[in-house]
Structures are given as C-alpha cells and as structure tokens.
Amino acid sequence: MRDTVRAKTSRALKWLARLAKRCLLAGMSRDNMMRALRSNVFLSEAPALACVLAISAIVFLSGAFQAGFLSDDFDLLARAGTASVWAPLERHHFSPLLTALFKLGSAGYLPAWKWRLIAWLAHAVNTVLVHRMARIGLRQSAPMALCLAFLFALNPAGYEALAWSSAIGYALVSVPIFIALNVALSGAFSRRAAWLLAGLQLAAYLAWDWGILLAPLAGVAAFMRGLSGRKPAPGPVFGLMLPAGIVWVLGLAAKLLILPGMGYPAQPFWNILSLQHLAASPLVALLPNMTVHAYQSPGGMLAAACLLAALAWAAVRLPEARLLAVLFALCQAPHVLFSAPQSRYFYLPSAFLYGIALLLFFKLPRPRFAALLAALLAASSLWWAMERSLLWRSAWQQAQMLRERILALPEAGSGLVIVNLPDSYGPEGLIWRPYVWRNGMPGIGRSFERVNTPGAPFTWEAGPVPVLPRDSIPARYPGAAIYEAVHSRHGS
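Going left to right, the sequence shown walks through residues 0 to 491 as numbering that gives the first Met the number 0 numbers them.
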C-alpha cells in the first residue's frame, strides 16, 4: 500500500514538473531561458569579478588617483564658473553633465580626487556590463568573459579617460552605451526595450558627444544578433530601434544648431592619413606603450598588417567576432574622420578588440596554448596599465613643480617669458603622453608669455604657442625676463 502511494506521488510530481516546464516554455523564449540560466552563473562568478575590480582599483589608486587637475582642466574650470549648464563649454562639445561637473569643481565642491572616484566608479560599472555582455549577450564561457572583463578593467590604451578630468566624459558615456548593447543583445524586442533604448540615447547625448555612437552600435548589435546561423529579421530590429533613432536624429540636429562649429576639420575617409589611422588602430590599442618609431618601423607595419589579417579572418569565420569587429570599426569613425587617435578614444572600443583577440585565442586547437596567450595579454595589460597610472601621477607632480618655480621667479618690469614650457610628460616617442601645460594657464596663477624653439622636446609645434629661433627671442621681447624649461633627465 505504501509503495502504491509512493508510486502515485512520484507520477504526480513528474506530471507537475512536465506541466511547469510547458508553462515555462510557453511564457519564456529560448533566449530568455538561456539568459535566466546564465544570470545564475553570473552570480556565481561575482567573486571573481570582484577580484578583477579590486586589481583595477589597486592599479588606479597607486598612481593616477593621486593626480590633480592638468592642462585643459583649468581652462574648463575657469569657464564653467559663469557658464550655463545648457551652453557648450567648448566650441565643439555640448555636454550638460560635464558642464555641471565642472561648475561644481569651480565652486570647490569637486576636488580632483572626487573626479577620479567618479571616473573609476563609472569604469567599474562598465566592467560589469562588459562581463555581462560577453557572458549573456554573446553567450561566451566564464573564463572568456572574466578574461575580457579583466582586460577592460585595466584598459591601458584608454587610461586617459580615467586619469584626466577633461576626458571623463568617455567613461561616463560608455555606461549607457554598454547598457544599450546588453539590451540589444538580449533578444527583447518589446516596446519597453525600445523606449529604454530611446532613454539611453538621450542620456548618452547629455553625457558626452560620443553618445552619437549609441544608436548605431545598438542597432548593429540587434541586427547581427543571430550568432547561431539564424538570419536576422529586420522588422523587429526596426521596431526596437525606431524610438532611439528618432532621438538620435533630433539630438544630432540640436547639436548642429547649438554649436557654432563641429570642432576638428573633417577629412575624407579615403584620405591616406585616415587610412593610416584606421590600419594602425588595432595595433596601438593592443600594444599601447610602444614608441612611435616602433609603430612606424617595418616590423611595426608588418605586425599591424598581420593583426588586421587575423581580425579579418576572425570576422569571416566567427559570428561573434564579426559583430565585435563591426562595433570596433564603428567606434573608429570619429577619430578617423575628425582627428588623430588619442588614448581616450580607445576607452570604449578596446572592449570589442579584446573580445576579438580572446575569441581567436579560445578557438585555437590547443587549449593550453590559448590559455598561455590570454595570460600573456593579461599580464602585459597589467604592466602597461600600471605604467600609465604612474605616468599620470608623475606628470601631475612635474606640473606642480613647474608651477611653483614659475611663481617663485622674480618680478620683471617688462614682462616674463617662458621658453619651451612642456605640454606633455613621459619618455620621448611614447604615444599618448599625459598633458602638463599644453593649456590651462589660469591654473598657474601668473601671467607670462610663452614661446617655443624649433625641435624642442615635449612641445607641440602645431599648437598656438609661437615657435621662434632661440637667438631671435631676446629681440622679440626686449627687456623681458626670459627663462627656459630645461629637461635635466630623460622624460622629466
């Protein structure tokens, strides 16, 4: 009798389990089920992700966190005191969020260390979003997602976005962009998701100019989401992106009407300089601490060509890499068309490039060799990130030393002239050196004339500072007290 009851109970429980499974399948798509299952896995990986963030924080706190305001920061702080939040703080930048932050900074409520804290908190959120995008949106394994999060958390190529207050917008605007990518890759083509993307597009526009990339990146991600061979349907994608597209068009029109100019002069995409920047982008993003001579050497050009060939092969053979390659290429458009590559421009696209590299590694037939390559890339990124962090701290220390020495100079009746005041700091030939006194003269607290000599180290000959032969400077400034910044040792 007891066995009969037990058997009937077992059959009833199995029937209820099948019924619950059918109801679950009826109310949840396969993608949503996979996302729910992986969300539990995501929670189990939280301790490892916390270790990733802790390492990133240690690197940041050891150097860049201790740096103060530099160069353009002082100009923006001076302008923000009387500027409206809705007015462009610079000729070609419209960012109410950044203007509000600089207004708080000019009033003394946001010292430099709080700027660094805000930047790192935004970076921590972006790191978690990158891990989630890889684990759930791209359906990758836990080792691959954690390794991608580790590389992005260090991000030596884009370290300027964390260490320099004037570049904090690139870290802030990446938060809505990565949220939008997670939404686009989730497979949720609902009305709620569409309006969420529209709100994220508006938030990105208010955060920084690179918010213009949100709708194109999310649209491409949603359209190319068919990673398992399914043909993407344009209809649902159009419905998902329509509200965000309207906000994108209206925001772009408002930017063109509000700003007096677009900033940097545009150059044709097929211009040889644009093509050189585009071809070199993957190499400088993966190996950011090499010298200009190394990049331009035959070995550097060969390495860039091989890397481009590997990326092209991955984009053709691997659907996930194809999506990441398109996202990386879209992120190159602003700096390729309007300016030269800068460190802050690589903060966002480095996540996609690291993802392609890891996909190539993990597709190798020998897992141990793949793990070795991933470990080498992670160790190199850790070393380079530490170098960048310490470099920004040293740059700020040198800027303070120069300021103190300029303030200590004796008064001169006919004025003061400083020759070869450095605008950057670091080893000669290193790309993306931290700025020192390229701009920001209000931060020194003393008026003087600037002049550079031809070929002087750590100066910007194409900038607004006049470049004169050394022997002609006394005649140009008769009776003035003339001092020159002399570099006593390499990099200082």
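Just so it is clear, CB atoms sit at the ideal spot from N, CA and C, and this is done for glycine as well.
Sequence-distant residues of the same chain with beta carbon closer than 6 Å to residue i, five excluded per side
{"i": "residue 177", "result": "125, 128"}
{"i": "residue 350", "result": "129, 151"}
{"i": "residue 321", "result": "314"}
{"i": "residue 325", "result": "219"}
Paired residues, beta bridge with residue i - DSSP
{"i": "residue 450", "result": "418"}
{"i": "residue 434", "result": "423"}
{"i": "residue 89", "result": "92"}
{"i": "residue 480", "result": "415"}
{"i": "residue 458", "result": "Answer is none; residue 458 lacks a bridge partner."}
{"i": "residue 466", "result": "451"}
CA-to-CA distance, residue j to residue i, given in whole angstroms
{"i": "residue 348", "j": "residue 439", "result": "29 Å"}
{"i": "residue 80", "j": "residue 474", "result": "39 Å"}
{"i": "residue 453", "j": "residue 483", "result": "13 Å"}
{"i": "residue 395", "j": "residue 50", "result": "29 Å"}
{"i": "residue 400", "j": "residue 193", "result": "52 Å"}
{"i": "residue 195", "j": "residue 382", "result": "38 Å"}
{"i": "residue 359", "j": "residue 211", "result": "30 Å"}
{"i": "residue 405", "j": "residue 427", "result": "24 Å"}
{"i": "residue 257", "j": "residue 208", "result": "13 Å"}
{"i": "residue 121", "j": "residue 366", "result": "34 Å"}
{"i": "residue 197", "j": "residue 190", "result": "11 Å"}
{"i": "residue 477", "j": "residue 468", "result": "15 Å"}
{"i": "residue 479", "j": "residue 69", "result": "27 Å"}
{"i": "residue 306", "j": "residue 287", "result": "14 Å"}
{"i": "residue 486", "j": "residue 154", "result": "30 Å"}
{"i": "residue 141", "j": "residue 149", "result": "12 Å"}
{"i": "residue 185", "j": "residue 77", "result": "44 Å"}
{"i": "residue 144", "j": "residue 371", "result": "16 Å"}
{"i": "residue 179", "j": "residue 59", "result": "27 Å"}
{"i": "residue 364", "j": "residue 458", "result": "49 Å"}
{"i": "residue 425", "j": "residue 213", "result": "34 Å"}
{"i": "residue 123", "j": "residue 415", "result": "45 Å"}
{"i": "residue 408", "j": "residue 402", "result": "10 Å"}
{"i": "residue 136", "j": "residue 327", "result": "16 Å"}
{"i": "residue 389", "j": "residue 448", "result": "31 Å"}
{"i": "residue 241", "j": "residue 299", "result": "43 Å"}
{"i": "residue 456", "j": "residue 183", "result": "47 Å"}
{"i": "residue 471", "j": "residue 464", "result": "15 Å"}
{"i": "residue 87", "j": "residue 393", "result": "31 Å"}
Spatial neighbours of residue i in its chain, beta-carbon cut-off 7 Å, leaving aside the 5 residues before and after
{"i": "residue 165", "result": "71, 72, 75"}
{"i": "residue 279", "result": "294, 303"}
{"i": "residue 342", "result": "156, 157, 158, 159, 431"}
{"i": "residue 215", "result": "329"}
{"i": "residue 275", "result": "none"}
For residue i, three-class secondary structure by DSSP
{"i": "residue 167", "result": "helix"}
{"i": "residue 376", "result": "helix"}
{"i": "residue 290", "result": "strand"}
{"i": "residue 429", "result": "strand"}
{"i": "residue 121", "result": "helix"}
{"i": "residue 58", "result": "helix"}
{"i": "residue 278", "result": "helix"}
{"i": "residue 486", "result": "coil"}
{"i": "residue 344", "result": "helix"}
{"i": "residue 157", "result": "helix"}
{"i": "residue 102", "result": "helix"}
{"i": "residue 443", "result": "coil"}
{"i": "residue 149", "result": "helix"}
{"i": "residue 23", "result": "Confidence at residue 23 is low in this model, with a pLDDT of 35, below 50, so the placement of that residue should be treated as unreliable; the coordinate-derived value is given next. Helix at residue 23."}
{"i": "residue 403", "result": "helix"}
{"i": "residue 475", "result": "helix"}
{"i": "residue 188", "result": "coil"}
{"i": "residue 136", "result": "helix"}
Cut-off 8 Å between Cβ atoms - residues of its own chain near residue i, not counting five sequence neighbours on either side
{"i": "residue 236", "result": "188, 218, 221, 222"}
| query | At what residue ranges does the stretch 192-257 contain a whole run of the beta strand (DSSP E), taking only runs of 3 or more? | reply | Restricted to the stretch 192-257, not a single beta strand (DSSP E) segment is unbroken, complete and at least 3 residues in length.
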